[in-house]
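Number of protein chains: 2
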Amino acid sequence: MSGVFSEPNNPRAKHLQGSAYLSNRGTDIKFRHGVTEEFMVAYEADNYDEDKNPNGIINFGISENKLCFDLLSKRLTQSDMHHIEPPLLQYPDWRGHMFLREEMARFLTYYCKAPTPLKPENVTLFNGCSSVFSALATVLCDPGEALMIPTPFYGGISNSVYLYGNVQLVFAHLDSKITEANTRPFQLTVEKLKMALQGARSEGVHVKGLILINPQNPLGDIYSQEELLEYLEFAKRHELHVILDELYMLSVFDESATFHSVLSMDRLPDPQRTHVMWGTSKDFGVSGIRFGALYTENRDVSSAVAKLCYLHGLSGIIQYQMAQLLRDHDWINQVYLPTNHSRLKAAHTYITDELKTLGIPFLNRNSGLYIWMDLRRYLRTGTFEEELLLCRRFLDNKVLLSCGKGFQCFEPGWFRLVFTDKIHRLQLGMQRIRQVLQQQAQELHQKLSVPRQLLEQEGQADSTDEAVFVPRQQGPTSGTKTRDLIGLPHQ
Amino acid sequence: MSGVFSEPNNPRAKHLQGSAYLSNRGTDIKFRHGVTEEFMVAYEADNYDEDKNPNGIINFGISENKLCFDLLSKRLTQSDMHHIEPPLLQYPDWRGHMFLREEMARFLTYYCKAPTPLKPENVTLFNGCSSVFSALATVLCDPGEALMIPTPFYGGISNSVYLYGNVQLVFAHLDSKITEANTRPFQLTVEKLKMALQGARSEGVHVKGLILINPQNPLGDIYSQEELLEYLEFAKRHELHVILDELYMLSVFDESATFHSVLSMDRLPDPQRTHVMWGTSKDFGVSGIRFGALYTENRDVSSAVAKLCYLHGLSGIIQYQMAQLLRDHDWINQVYLPTNHSRLKAAHTYITDELKTLGIPFLNRNSGLYIWMDLRRYLRTGTFEEELLLCRRFLDNKVLLSCGKGFQCFEPGWFRLVFTDKIHRLQLGMQRIRQVLQQQAQELHQKLSVPRQLLEQEGQADSTDEAVFVPRQQGPTSGTKTRDLIGLPHQ
Numbered sequence: 001m002s003g004v005f006s007e008p009n010n011p012r013a014k015h016l017q018g019s020a021y022l023s024n025r026g027t028d029i030k031f032r033h034g035v036t037e038e039f040m041v042a043y044e045a046d047n048y049d050e051d052k053n054p055n056g057i058i059n060f061g062i063s064e065n066k067l068c069f070d071l072l073s074k075r076l077t078q079s080d081m082h083h084i085e086p087p088l089l090q091y092p093d094w095r096g097h098m099f100l101r102e103e104m105a106r107f108l109t110y111y112c113k114a115p116t117p118l119k120p121e122n123v124t125l126f127n128g129c130s131s132v133f134s135a136l137a138t139v140l141c142d143p144g145e146a147l148m149i150p151t152p153f154y155g156g157i158s159n160s161v162y163l164y165g166n167v168q169l170v171f172a173h174l175d176s177k178i179t180e181a182n183t184r185p186f187q188l189t190v191e192k193l194k195m196a197l198q199g200a201r202s203e204g205v206h207v208k209g210l211i212l213i214n215p216q217n218p219l220g221d222i223y224s225q226e227e228l229l230e231y232l233e234f235a236k237r238h239e240l241h242v243i244l245d246e247l248y249m250l251s252v253f254d255e256s257a258t259f260h261s262v263l264s265m266d267r268l269p270d271p272q273r274t275h276v277m278w279g280t281s282k283d284f285g286v287s288g289i290r291f292g293a294l295y296t297e298n299r300d301v302s303s304a305v306a307k308l309c310y311l312h313g314l315s316g317i318i319q320y321q322m323a324q325l326l327r328d329h330d331w332i333n334q335v336y337l338p339t340n341h342s343r344l345k346a347a348h349t350y351i352t353d354e355l356k357t358l359g360i361p362f363l364n365r366n367s368g369l370y371i372w373m374d375l376r377r378y379l380r381t382g383t384f385e386e387e388l389l390l391c392r393r394f395l396d397n398k399v400l401l402s403c404g405k406g407f408q409c410f411e412p413g414w415f416r417l418v419f420t421d422k423i424h425r426l427q428l429g430m431q432r433i434r435q436v437l438q439q440q441a442q443e444l445h446q447k448l449s450v451p452r453q454l455l456e457q458e459g460q461a462d463s464t465d466e467a468v469f470v471p472r473q474q475g476p477t478s479g480t481k482t483r484d485l486i487g488l489p490h491q
Numbered sequence: 001m002s003g004v005f006s007e008p009n010n011p012r013a014k015h016l017q018g019s020a021y022l023s024n025r026g027t028d029i030k031f032r033h034g035v036t037e038e039f040m041v042a043y044e045a046d047n048y049d050e051d052k053n054p055n056g057i058i059n060f061g062i063s064e065n066k067l068c069f070d071l072l073s074k075r076l077t078q079s080d081m082h083h084i085e086p087p088l089l090q091y092p093d094w095r096g097h098m099f100l101r102e103e104m105a106r107f108l109t110y111y112c113k114a115p116t117p118l119k120p121e122n123v124t125l126f127n128g129c130s131s132v133f134s135a136l137a138t139v140l141c142d143p144g145e146a147l148m149i150p151t152p153f154y155g156g157i158s159n160s161v162y163l164y165g166n167v168q169l170v171f172a173h174l175d176s177k178i179t180e181a182n183t184r185p186f187q188l189t190v191e192k193l194k195m196a197l198q199g200a201r202s203e204g205v206h207v208k209g210l211i212l213i214n215p216q217n218p219l220g221d222i223y224s225q226e227e228l229l230e231y232l233e234f235a236k237r238h239e240l241h242v243i244l245d246e247l248y249m250l251s252v253f254d255e256s257a258t259f260h261s262v263l264s265m266d267r268l269p270d271p272q273r274t275h276v277m278w279g280t281s282k283d284f285g286v287s288g289i290r291f292g293a294l295y296t297e298n299r300d301v302s303s304a305v306a307k308l309c310y311l312h313g314l315s316g317i318i319q320y321q322m323a324q325l326l327r328d329h330d331w332i333n334q335v336y337l338p339t340n341h342s343r344l345k346a347a348h349t350y351i352t353d354e355l356k357t358l359g360i361p362f363l364n365r366n367s368g369l370y371i372w373m374d375l376r377r378y379l380r381t382g383t384f385e386e387e388l389l390l391c392r393r394f395l396d397n398k399v400l401l402s403c404g405k406g407f408q409c410f411e412p413g414w415f416r417l418v419f420t421d422k423i424h425r426l427q428l429g430m431q432r433i434r435q436v437l438q439q440q441a442q443e444l445h446q447k448l449s450v451p452r453q454l455l456e457q458e459g460q461a462d463s464t465d466e467a468v469f470v471p472r473q474q475g476p477t478s479g480t481k482t483r484d485l486i487g488l489p490h491q
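Chains as they are written, first to last, in UniProt numbering: chain A, 1 to 491; chain B, 1 to 491.
Following this line, the structure appears as structure tokens:
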């Protein structure tokens with residue numbers, strides 16, 4: 001089920017690579033590589049720097065918001081951040097200092113639009129949301145049991161639930177095809193969840209919960225309240241926990257889009273099995289701070305994960321700073337969010353304009369730090385091997401992109417492009433992408449003698465007013481949501 | 001093997017207490033209580049504050065050095081600590097930023113007196129040493145396998161290796177008895193390690209490594225170079241990893257005592273199976289900072305634990321501050337260490353004088369933040385139930401102490417007293433201890449009609465020049481190390 005990783009359960013692989021010093025699982029852990037790990041290593045060794053390494057790799061792969069370091073650096077070095085008192089240097093309550101849990105509850109109440117005040121005692125703090133996944137998976141599932149997740153999804157979750165917890169993921173595969181039931185590409189429906197659950201059960205896999213990412217990573221989809229309710233009702237019918245990753249909730253940068261936190265609902269179908277996580281990594285662009293929070297009403301769950309918290313603890317100094325940051329609604333509302341959103345929108349516009357110019361179909365969403373784009377027509381064959389080759393070609397041309405396999409995407413040829421960086425980097429990165437794609441198209445045309453018309457039929461996805469794709473030489477299909485469309489005037 | 005915790009492997013207990021929401025291991029984790037957990041909860045609800053809660057509980061239980069908050073607060077708020085640059089807010093190398101790993105290697109080279117410079121690439125950083133234990137146990141042992149540790153030992157290690165890793169501890173029990181082979185109480189010998197290993201093997205338990213705490217917690221023992229070498233040679237013979245917890249290496253506060261880090265050795269018997277950990281919690285009295293380091297030459301081990309590191313990551317801001325702290329050898333050598341050591345010594349002297357006055361035998365060491373003391377004569381019967389009753393009685397009289405059971409001590413009646421607090425707290429705490437013991441002694445004498453002479457025969461430990469105990473009405477036995485002796489002039 002976790003096929004994105006290199007043979008973690010292959011005894012022969014183990015034997016060949018095994019270490020006299022490690023346990024079997026230690027060997028598994030050591031050799032558990034994500035598909036893009038080699039690319040990350042290459043990037044680390046040669047990353048772009050305007051002055052020192054202008055020929056280095058431009059990073060469109062890692063989901064970090066680099067647009068607001070100036071604001072954050074300024075805020076985090078203000079004098080109110082430099083306070084130290086003895087309790088901050090002593091062992092804390094491992095669930096987090098109460099002052100921060102209170103602040104977190106207030107913050108979530110306000111920004112998630114909770115109908116009644118959320119409670120500090122339902123908040124548990126961690127050094128990042130990967131740790132929340134690890135702890136939750138461990139206390140909800142026994143080894144070998146599973147959590148279900150729609151694909152494509154942020155692949156790091158696979159490691160977070162597996163490395164310590166030995167929990168598997170069961171995939172509900174979404175695809176880009178538009179049908180009667182699917183009015184938009186990669187649409188999540190209860191039917192697909194049901195199919196995946198039945199499939200897992202027929203293979204004897206015990207599924208204990210469902211993971212939903214909202215806003216979705218890498219799609220950028222935001223679930224409507226109705227959809228959300230349907231998924232939660234489905235989970236309730238099957239006694240599944242629902243883990244809601246709302247890590248990008250404040251990274252919705254267009255007013256036309258509205259995010260609904262599960263915490264905003266008047267009534268949750270199964271509150272005791274609904275667990276929400278949020279952190280500062282994405283929405284405040286400070287992934288290096290390591291701060292994540294779990295909100296759950298379930299006392300058994302919160303007290304079980306609390307036992308694991310001392311292995312995921314964050315510094316008292318950071319707890320104090322995060323409380324200062326989260327309580328500063330004036331700065332967040334008047335300075336940070338407007339600036340961040342306008343910068344996100346500008347960067348998104350720049351990249352989407354470029355993609356349109358290049359004739360690359362993509363999901364045109366208004367949330368997240370990334371764009372999900374369709375490069376299927378640049379693959380010689382519709383295989384993941386070809387996808388990986390293209391990904392490597394990008395890297396060889398000094399631009400890091402994440403390929404769909406890393407997100408367990410069902411269809412080869414989709415890529416995630418993270419656009420939250422300075423304009424000159426975006427420009428340089430797009431220039432390199434353009435070169436690779438031109439080269440790739442030429443090779444496809446010349447070396448493989450691909451008929452010209454094949455190159456002009458750009459992909460397999462259906463055209464739709466919400467979606468990504470319109471055939472070359474044809475204008476946008478008629479529809480109401482024209483902002484979601486990509487016309488392809490020229491390449 | 002982990003009997004200090006409440007029935008973690010008892011299916012009936014599971015069933016009775018089980019939760020519909022948790023996995024079996026989630027239930028185990030939730031209900032895994034240390035013996036002193038109830039005391040900790042009571043303490044949290046009613047801790048002493050000079051102004052706000054003068055009748056609150058004095059904490060002699062938690063091993064924290066509260067003597068130097070003034071120095072640390074001052075140092076950590078100096079202007080060189082307030083630096084923020086983008087890389088600190090971004091995802092780091094999960095093993096830790098290279099600037100800090102370099103600083104850590106330099107620090108260990110200097111303070112451990114390494115014969116050649118230690119290497120940054122052998123350093124891996126974590127949010128505390130509990131996380132190091134968790135990660136190491138997981139990659140060295142498969143579930144159900146074991147690490148061996150001499151008792152008494154810091155009991156938190158049991159949870160750190162078990163909760164995620166499902167690794168058991170095998171105990172090599174030490175006792176206070178002086179014999180031909182044991183020249184001092186609780187002496188660790190290779191023979192005892194061998195016995196414990198054989199015992200475990202005969203029960204089919206696979207022991208993968210040995211944990212050594214040096215300076216020892218709770219004993220305060222410092223292993224000589226010869227002893228250390230013997231233990232390492234033993235481990236090599238049996239292909240055991242050795243995990244060295246050197247968390248208290250700079251908390252040796254008397255010049256007459258010398259600590260030898262395993263990193264100071266010219267030659268390690270089995271360098272590929274020797275792993276050292278250190279952190280700032282104890283030696284810098286900042287347990288709330290969450291900073292620990294692993295030093296190992298073994299590439300397999302370091303790359304396997306590195307995979308788990310993102311679940312134990314520490315903030316970039318903290319990494320920067322720790323680098324500033326560790327590189328400041330002038331401040332450490334000229335300000336911090338002299339002050340800390342003189343304060344440790346003064347507090348230790350105050351408490352040991354009090355204990356002598358009370359006629360309480362104890363191990364008279366020159367390291368650590370605690371004293372290991374013998375209250376066996378205050379138990380009605382030599383059982384752990386009685387030990388727990390006495391511990392509860394201390395708490396009822398508003399002083400928190402850790403009882404031997406929490407350290408898996410083999411003999412009931414030993415307690416650890418943490419002395420690293422302000423003098424007025426030490427005075428108040430000792431006053432309360434005196435009251436409890438007087439009461440306890442009276443009850444033992446009156447209610448149980450314990451013969452007077454029994455009360456006057458103070459315990460069962462042998463008298464020795466290194467040890468703790470001399471019978472009442474008798475001066476110290478003759479011997480060279482008189483500073484280690486406790487005379488009992490009067491009660």
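Backbone N, C-alpha and C fix where the C-beta goes; we use that ideal spot for every residue, glycine too.
Bear in mind that the values here come from a model prediction, so they are computed numbers and not experimental data.
Less than 8 Å between the beta carbons of B/Glu-145 and B/His-206, yes or no? yes
Let me check understanding here. Comparing Cα to Cα, which of B/Trp-372, B/Tyr-310, B/Ile-423, B/Leu-197 lies closest to B/Pro-412? B/Trp-372
Secondary structure of B/Ala-257, DSSP reduced to three states: coil
Identify whether A/Trp-94 lies in helix, strand or coil by the three-state DSSP scheme. coil
Looking at A/Phe-384 and A/Asp-374, is the spacing between their C-beta atoms short of 8 Å? no
Please work out which residues of its chain come closer than 8 Å, Cβ to Cβ, to A/Ser-19, disregarding the five sequence neighbours upstream and downstream, and give them in chain order. Gly-26, Thr-27, Lys-30
From A/Glu-44 to B/Ile-317, what distance separates their C-alpha atoms? 20 Å
Assuming contact is defined by CB atoms lying nearer than 8 Å, are A/Leu-100 and A/Met-322 in contact in what I supplied? yes
Per DSSP, the bridge partner or partners of B/Cys-403: B/Phe-415
Anything in chain B within Cβ reach of A/Ser-303, meaning under 7 Å, just list it in chain order. Lys-30
Can you give, in chain order, each stretch of the beta strand (DSSP E) that sits fully within the stretch 366 to 392 of chain B and has at least 3 residues? 370 to 374
Identify which residue in B/Cys-309, B/Thr-296, B/Tyr-336, B/Leu-379 has its Cα closest to the Cα of B/Pro-120. B/Thr-296
Between which two residues does the beta strand (DSSP E) carrying A/Lys-208 extend? 207 to 213
Anything in chain B within Cβ reach of A/Gly-128, meaning under 7 Å, just list it in chain order. Gly-313
Are A/Asp-46 and A/Ile-57 close, meaning C-beta to C-beta below 8 Å? yes
Flag B/Lys-307 as yes if its beta-carbon sits less than 8 Å from any beta-carbon of chain A, otherwise no. yes
Classify A/Leu-437 as buried or exposed, calling it buried when 16 or more other Cβ atoms lie within 10 Å of its own Cβ. buried
To the nearest angstrom, report how far apart B/Val-123 and B/Gly-359 are at their CA atoms. 46 Å
Note the first and the last residue of the continuous beta strand (DSSP E) segment covering A/Pro-150. 146 to 151
Please confirm whether A/Arg-425 has its beta-carbon closer than 8 Å to some beta-carbon of chain B. no
Neighbour-count burial assignment, A/Ala-181, 16 or more Cβ in a 10 Å radius: exposed
Applying the 10 Å Cβ sphere with the 16-neighbour rule, what's the burial state of B/His-424? exposed
Does the contact criterion of 3 or more C-beta pairs under 8 Å hold for the stretch 292 to 308 of chain B versus the stretch 125 to 138 of chain B? yes
B/Gln-442 burial status per 10 Å Cβ neighbour count (16 or more: buried): exposed
Exposure of B/Gln-216, with buried meaning 16 or more beta-carbon neighbours within 10 Å: buried
Evaluate contact between the stretch 327 to 336 of chain B and the stretch 180 to 198 of chain A, counting only Cβ atoms and requiring at least three cross-stretch pairs below 8 Å. no
Cutoff 8 Å: B/Pro-72 Cβ touching any chain A Cβ: In the sequence as presented, Pro is not what sits at residue 72 of chain B; that position holds Leu. It does; some Cβ of chain A falls within 8 Å.
With a cut-off of 8 Å, does the C-beta of A/Thr-420 fall near any C-beta of chain D? In the displayed structure, chain D is absent; the protein chains listed are A and B.
Which residues bound the beta strand (DSSP E) around B/Gly-156? It is not in any beta strand (DSSP E) - B/Gly-156 instead sits in the alpha helix (DSSP H) that spans 156 to 162.
Using a Cβ-Cβ distance under 8 Å, would B/Glu-145 count as near chain A? yes
Bridge partner(s) assigned by DSSP for B/Tyr-295: B/Val-123, B/Val-276
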